[in-house]
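Input: a single structure, listed below in structure tokens.
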Amino acid sequence: MIRKEKMTVVSQKMIAENIYEMILHGELVSEMDNPGQFVHVKAEEGIDPLLRRPISISSIDKKNNAFTMIYRTEGKGTKRLAQKNEGDSVDVLGPLGNGFPILPHHKGKRALLVGGGIGVPPLYELSKRLVENKMEVVHVLGFQTESSSFYMEEFASLGHAYAATVDGSLGTKGFVTSIIDDMDGEFDVLYACGPIPMLRALEQRFSDIEAYLSLEQRMGCGIGACFACVCPVQGDESGTEYRKVCSDGPVFPVGEVVL
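Using our numbering, count along the sequence shown one by one with no gaps and you end on 298.
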């Protein structure tokens with residue numbers, strides 16, 4: 040059930056260049072079950088900024104009624120969010136959207152998790168759930184540079200973790216596909232979140248395996264009412280069929296929507 044709540048900031052810290060980790064406490068956490076879902080955050084009271092900001096759920100701690108979100112400061116809303124301190128309140132709407140499936144028949148399978156930039160955070164809760172499901176996980180994470188990278192040790196604690204940076208300052212120089220092209224072995228299922236060019240490249244490489252892609256998209260309402268985040272469906276010759284990223288996604292099976 041979607042709830043709106045003034046949640047309390049437990050901690051906030053900058054973990055990479057312009058990347059912040061915020062832990063929030065509140066009863067809304069009891070509704071969080073599906074890795075890959077997101078929350079819609081309003082940083083300030085009033086109408087400036089007017090719209091909420093969609094931020095993915097990075098980790099869920101139901102025992103302590105807390106969850107972690109990792110976000111990048113880009114505009115007015117996230118910059119004001121970065122000014123919040125321990126004990127402050129944040130207006131949160133969520134959990135929203137449909138996340139990554141964790142299916143019983145995947146038990147014992149090998150999964151490839153691929154993240155790019157701010158698409159990396161939701162893969163952390165996913166990876167923990169997959170490990171709990173007795174799956175082998177391999178992570179390939181892409182960043183612009185070492186200073187913008189984060190959570191490499193956390194992912195490495197769950198399975199092999201490889202980094203790619205555009206300037207070569209950490210891991211392999213290039214993109215996530217530079218690593219994947221040289222990897223040995225096969226994967227049973229792919230999970231990915233990141234920019235559209237990265238998802239498109241993965242769709243072309245892994246069209247023959249089960250795969251789920253999480254889209255990053257600008258949103259308005261976050262609940263499927265404003266149609267600001269629609270994307271066309273693949274194979275729709277009429278050109279009139281769409282999916283809403285906020286309420287039908289953000290996770291879609293590979294091949295369902297046009298990237």
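Ideal Cβ placement from N, Cα and C applies to all residues, glycine included. All values reported here derive from a predicted model rather than from experimental measurement.
For Phe194, the enclosing alpha helix (DSSP H) has its first and last residue at 191 to 195.
When the alpha-carbon of Lys167 is set against those of Asn73, Gly210, Phe182, Ser217, the nearest one is in Asn73. When C-beta atoms of the region 56 to 76 are compared with those of the region 147 to 155, fewer than three pairs fall below 8 Å, so the two segments do not count as touching. By the Cβ-count criterion, Gly278 is exposed, with fewer than 16 other Cβ atoms from all chains shown falling within 10 Å of its own Cβ. Beta-bridge analysis with DSSP links Glu44 to Val131. Note on Lys81: 16 or more other CB atoms within 10 angstroms of its CB, so buried under the neighbour-count rule. For the pair Phe291 and Thr211, the Cα-to-Cα distance works out to about 28 Å. Annotation: the region 202 to 233 contains the following complete segments of the beta strand (DSSP E) (minimum length 3 residues), in chain order: 228 to 233.
Taking a cut-off of 8 Å for Cβ pairs, the region 162 to 180 and the region 137 to 154 touch, as three or more such pairs fall below it. Judged by beta-carbon spacing, Arg42 lies beyond the 9 Å limit of Glu84, meaning their Cβ atoms are not closer than that value.
Under the 10 Å beta carbon count, Leu89 is surrounded by fewer than 16 other beta carbons and is classified as exposed. Per DSSP, Met237 is one residue of the alpha helix (DSSP H) stretching across 235 to 244.
Between the alpha carbons of Lys101 and Glu276 lies a distance of about 45 Å. Cβ-Cβ separation between Ser217 and Thr204: approximately 10 Å, too far for a contact (criterion under 8 Å). Scanning its chain for C-beta atoms nearer than 7 Å, with the 5 sequence neighbours on each side dropped, one finds around Gly263 the residues Lys283, Cys285, Ser286, in chain order.
Met53 is bridged by DSSP to Tyr59.
In this model, Leu67 and Gln76 are separated by some 13 Å (Cα to Cα). Rounded to whole angstroms, the separation of the alpha carbons of Ser246 and Val228 is 11 Å.
Of the candidates Met258, Pro271, Ala250, Gln256, the residue whose Cα lies closest to the Cα of Pro140 is Ala250. In the structure shown, the three-state DSSP call for Ser97 is coil. Shown here for Glu193: same chain residues with a beta carbon closer than 8 Å to its own, the five before and five after excluded, namely Tyr163 in chain order. Here the alpha carbons of Gly259 and Asp87 stand approximately 15 Å from one another. Within the same chain, and ignoring the five residues on either side of Asn104 in sequence, the residues whose Cβ sits closer than 6 Å to its Cβ are His64, Val68.
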